[in-house]
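Straight run, no breaks: the sequence shown in numbering that gives the first Met the number 0 ends on number 656.
For every residue, glycine included, the Cβ atom is placed at its ideal position computed from N, Cα and C.
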Amino acid sequence: MRRAILIFVCLYSLTSHGQVVHWADEVVGFSSQKSDLLFSASQALGKPNKFPDFSFTPCAWMPDLLDRADSTFIHLGFKEPQTVGSVVLVQSFHPEIPVSVYLKQPDGKEIYIPVPANLRSDNIMQIPVLPARPGISTIRVVWNGGMQGDPFQLDALGVMTEPGRVPIPFYTDTLGQINRPEALENLNSPYDEVLPVVSPDGRMLYFDRKKHPLNTGPDLHDDIWYARLMADSSWSAPLNIGPPLNDEGHNFINAVSADGNTLLLGNTYNRTETQSHWMSFSYKTSNGWSTPVPINIIGFQNRDQYNEFSMSADGQYIVLSIESNTTNGMRDIYVSRRISDRYYSAPKNLGPVVNSAATEMSPFLAADGQTLYFASNGWPGYGGYDIYMTRRLDETWEHWTEPLNLGSGINTANWEAYFTTDAMGNMAYFCSSKGGDNLNLYRVPLSPVAQPADLVQFTGKVLNRSSGNMIDATISYVLLSDSVSEEGSTTSLGGNAFNAYLRPDSKYLITINADGYFSEVTEWNSAQADGEQLFYLIPRKVGTAVTLENIYFKVNTSVLVDSSFTELEKTARFLLDHPDVHIEVRGHTNGLCDDSYCLSLSQRRARSVVDFFIDSGIDEDRLSFAGMGKTEPIADNDTPEGRQRNQRVEFIITKVE
Numbered sequence: 000m001r002r003a004i005l006i007f008v009c010l011y012s013l014t015s016h017g018q019v020v021h022w023a024d025e026v027v028g029f030s031s032q033k034s035d036l037l038f039s040a041s042q043a044l045g046k047p048n049k050f051p052d053f054s055f056t057p058c059a060w061m062p063d064l065l066d067r068a069d070s071t072f073i074h075l076g077f078k079e080p081q082t083v084g085s086v087v088l089v090q091s092f093h094p095e096i097p098v099s100v101y102l103k104q105p106d107g108k109e110i111y112i113p114v115p116a117n118l119r120s121d122n123i124m125q126i127p128v129l130p131a132r133p134g135i136s137t138i139r140v141v142w143n144g145g146m147q148g149d150p151f152q153l154d155a156l157g158v159m160t161e162p163g164r165v166p167i168p169f170y171t172d173t174l175g176q177i178n179r180p181e182a183l184e185n186l187n188s189p190y191d192e193v194l195p196v197v198s199p200d201g202r203m204l205y206f207d208r209k210k211h212p213l214n215t216g217p218d219l220h221d222d223i224w225y226a227r228l229m230a231d232s233s234w235s236a237p238l239n240i241g242p243p244l245n246d247e248g249h250n251f252i253n254a255v256s257a258d259g260n261t262l263l264l265g266n267t268y269n270r271t272e273t274q275s276h277w278m279s280f281s282y283k284t285s286n287g288w289s290t291p292v293p294i295n296i297i298g299f300q301n302r303d304q305y306n307e308f309s310m311s312a313d314g315q316y317i318v319l320s321i322e323s324n325t326t327n328g329m330r331d332i333y334v335s336r337r338i339s340d341r342y343y344s345a346p347k348n349l350g351p352v353v354n355s356a357a358t359e360m361s362p363f364l365a366a367d368g369q370t371l372y373f374a375s376n377g378w379p380g381y382g383g384y385d386i387y388m389t390r391r392l393d394e395t396w397e398h399w400t401e402p403l404n405l406g407s408g409i410n411t412a413n414w415e416a417y418f419t420t421d422a423m424g425n426m427a428y429f430c431s432s433k434g435g436d437n438l439n440l441y442r443v444p445l446s447p448v449a450q451p452a453d454l455v456q457f458t459g460k461v462l463n464r465s466s467g468n469m470i471d472a473t474i475s476y477v478l479l480s481d482s483v484s485e486e487g488s489t490t491s492l493g494g495n496a497f498n499a500y501l502r503p504d505s506k507y508l509i510t511i512n513a514d515g516y517f518s519e520v521t522e523w524n525s526a527q528a529d530g531e532q533l534f535y536l537i538p539r540k541v542g543t544a545v546t547l548e549n550i551y552f553k554v555n556t557s558v559l560v561d562s563s564f565t566e567l568e569k570t571a572r573f574l575l576d577h578p579d580v581h582i583e584v585r586g587h588t589n590g591l592c593d594d595s596y597c598l599s600l601s602q603r604r605a606r607s608v609v610d611f612f613i614d615s616g617i618d619e620d621r622l623s624f625a626g627m628g629k630t631e632p633i634a635d636n637d638t639p640e641g642r643q644r645n646q647r648v649e650f651i652i653t654k655v656e
């Protein structure tokens with residue numbers, strides 16, 4: 000299975016005898032902390048938050064700079080007593096050498112551990128404890144108080160059973176280093192290009208271009224641009240998408256629905272609105288994109304000047320990067336569930352596995368609805384903002400896998416964010432500041448480790464059963480499973496096919512609805528997917544004529560052959576599902592025999608079809624029949640093909656109650 004997750008352990012020098020570090024997991028006390036959340040003592044618990052990046056971070060304990068006490072200390076503990084042969088300090092930003100360390104023994108007494116005089120001021124410091132002390136439950140580390148200059152930050156405190164090389168885990172995608180990102184030179188410009196959003200089929204790329212001379216309005220704020228994928232896999236010259244999606248405000252796309260017919264846009268387009276952090280939907284029409292309409296999220300608030308959103312492929316969920324009164328620090332990632340058309344529930348925090356005390360931004364929920372990509376400066380990385388991947392473990396949206404750094408093939412010491420993939424996860428697009436002073440777009444093939452779950456494309460057309468013309472319809476799907484919940488919908492609009500991406504080896508209940516037509520309900524098995532699906536709907540009006548395909552009789556008789564039963568059973572199911580419909584079955588023949596024989600044969604054949612429907616449970620009062628003989632040909636009787644078409648059975652809707 001290609002989904003094996005790899006763990007790459009980055010070492011501070013080399014490991015010693017396969018040792019591991021046990022990281023503190025309880026706060027006992029501290030002299031001061033800069034705040035109760037950011038820079039708090041709790042940030043020093045567990046493994047290092049930022050390694051191998053040692054830049055300034057809110058994800059580490061930092062004493063209050065106004066604290067002028069004689070000493071600065073932090074006191075951390077272990078739920079399980081440890082044998083301590085060395086104490087490991089991982090510091091960020093400006094490391095500071097402590098003056099003393101105290102270990103608490105099982106009898107409650109503290110042991111003073113001197114700090115070596117030759118200890119270097121490194122981001123990773125190791126203080127030996129000789130001889131090793133068993134049963135240690137807490138460690139207190141003391142620094143000089145009233146420090147001047149740059150503050151120090153303690154990211155993590157750990158212990159080993161003996162002095163040696165310090166192994167620190169770094170959860171990253173090593174396979175991704177094989178694939179090198181390609182700068183999209185045809186799309187990049189001297190201006191900033193950000194927020195790439197690729198359509199699920201991978202054929203259209205939207206992005207936000209800032210301050211370009213062709214942008215709308217005197218201030219040249221953010222405008223939406225787009226490009227099309229060419230046959231040689233290059234991108235066409237980008238075009239400004241124009242009104243109504245671009246106006247004088249800040250315009251950008253956050254997500255595209257699976258069928259490509261709905262856009263999730265940043266902000267609202269009524270510029271008199273006092274709330275500027277909402278979102279809008281725009282729908283594809285025969286005349287282009289509709290005027291954006293606002294989305295309402297219950298209890299929405301954002302204390303940050305920036306926000307980004309993503310939408311699940313089925314439109315049932317919106318994932319948000321915002322700062323509210325429930326954030327774990329700065330901006331966090333939340334999820335909001337669809338309640339009704341353009342109304343979504345109050346945002347729910349994804350929890351501390353995803354959200355750090357720093358900023359999580361630019362979330363992208365893959366088409367599988369489980370794989371989440373995001374950028375952060377609060378998790379182990381290469382510097383600046385890195386891009387990470389996590390997978391949802393259940394339906395609560397609270398349990399996730401540990402974020403996986405996408406590796407040095409994508410992430411650098413610069414700024415990387417705004418990650419997006421096509422539905423199959425073959426090609427990814429992102430934004431980076433590397434290689435210049437502005438932000439540019441890149442693409443890269445994803446390694447198997449970083450790809451979303453496999454999906455099957457569910458695509459096709461909805462046709463008028465009478466005319467064969469394409470019609471606008473809504474196709475809803477529900478996963479037939481007792482253990483997993485999944486439902487959604489897609490549309491076929493303006494002569495375009497519908498499109499969705501569903502689980503492999505799964506059964507779905509499909510419902511097709513269109514104004515003025517009888518709905519259809521059927522099952523679809525993704526394990527048997529064989530390209531484009533065709534669904535036929537019958538117009539809901541008296542006089543509609545429907546030809547029954549593949550209805551055959553034994554020669555010169557009214558006896559149905561077995562191959563006819565599939566179509567007849569489908570029609571019987573339609574009549575059972577719609578008890579308000581009355582029909583007349585009509586039989587037709589070709590023109591080879593005399594008129595009276597053809598008329599009699601067509602009547603008997605129509606009667607046979609009616610009898611089949613009655614035997615299937617259809618009320619006889621809803622059925623009538625007529626023989627038309629050879630009076631209504633639809634093709635030339637001079638050819639075998641024409642005669643075959645003329646010899647047919649159809650039904651006419653005579654009444655809809």
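Residue burial classification, residue i (beta-carbon count within 10 angstroms, cutoff 16)
| i | result |
| --- | --- |
| D579 | exposed |
| W120 | A quick correction: the sequence has Ser, not Trp, at residue 120. Burial call: exposed. |
| Q304 | exposed |
| N645 | buried |
| Q456 | buried |
| P338 | In the sequence under discussion, the amino acid at residue 338 is Ile, which differs from the Pro named in the question. That one is exposed. |
| Q152 | buried |
| E649 | buried |
| E631 | exposed |
| K654 | exposed |
| T588 | buried |
| R585 | buried |
| L567 | buried |
Distance, residue j Cα to residue i Cα
| i | j | result |
| --- | --- | --- |
| H211 | Y190 | 6 Å |
| L438 | D218 | 19 Å |
| H249 | N266 | 8 Å |
| D593 | V541 | 32 Å |
| S163 | W60 | Note that residue 163 is Gly in the sequence shown, not Ser. Approximately 25 Å, taken between the alpha carbons. |
| A23 | I126 | 15 Å |
| D471 | T490 | 7 Å |
| H276 | G424 | Note on H276: pLDDT 49, under 50, position unreliable in the model; the coordinate value appears next. When rounded, the distance between both Cα atoms is 29 Å. |
| D52 | T411 | 11 Å |
| A131 | S85 | 8 Å |
| N185 | Q32 | 49 Å |
| K46 | H74 | 16 Å |
| N269 | P291 | 9 Å |
Where residue i sits in the DSSP three-state scheme
| i | result |
| --- | --- |
| H276 | Low local confidence applies: a pLDDT of 49 at H276 is under 50, so the model's placement there is unreliable, with the coordinate-based value given in what follows. In this structure, H276 counts as coil in the three-state DSSP scheme. |
| K108 | coil |
| F564 | helix |
| G28 | strand |
| L574 | helix |
| V448 | helix |
| Q18 | coil |
| G641 | helix |
| Q527 | helix |
| A43 | helix |
| K347 | strand |
| K506 | strand |
| K569 | helix |
| P199 | coil |
| G515 | coil |
| D331 | strand |
| S491 | strand |
| V554 | coil |
| P189 | coil |
Cβ-heavy atom distance, residue i to the ligand FMN, below 7 Å
| i | result |
| --- | --- |
| D618 | Because no ligand of any kind appears in the structure shown, any question about the ligand FMN cannot be addressed here. |
is_contact[residue i, chain B] using C-beta, thresh 8 Å
| i | result |
| --- | --- |
| E519 | Given the protein chain composition of this structure (a single chain), no chain B is represented. |
Please list the segments of the beta strand (DSSP E) lying wholly inside the stretch 594-639, counting only runs of 3 or more residues, in order along the chain. 622-626
**OP:** Please list the segments of the alpha helix (DSSP H) lying wholly inside the stretch 223-309, counting only runs of 4 or more residues, in order along the chain.
**Re:** none
- Item | 4 or more residues per run - each alpha helix (DSSP H) lying fully within the stretch 83-153 | none
**Prompt:** Where are the alpha helix (DSSP H) runs, 4 residues long or more, that stay fully inside the stretch 425-469, in chain order?
**Reply:** none
Contact the stretch 473-480 vs the stretch 552-568: 3+ CB pairs below 8 Å:
no
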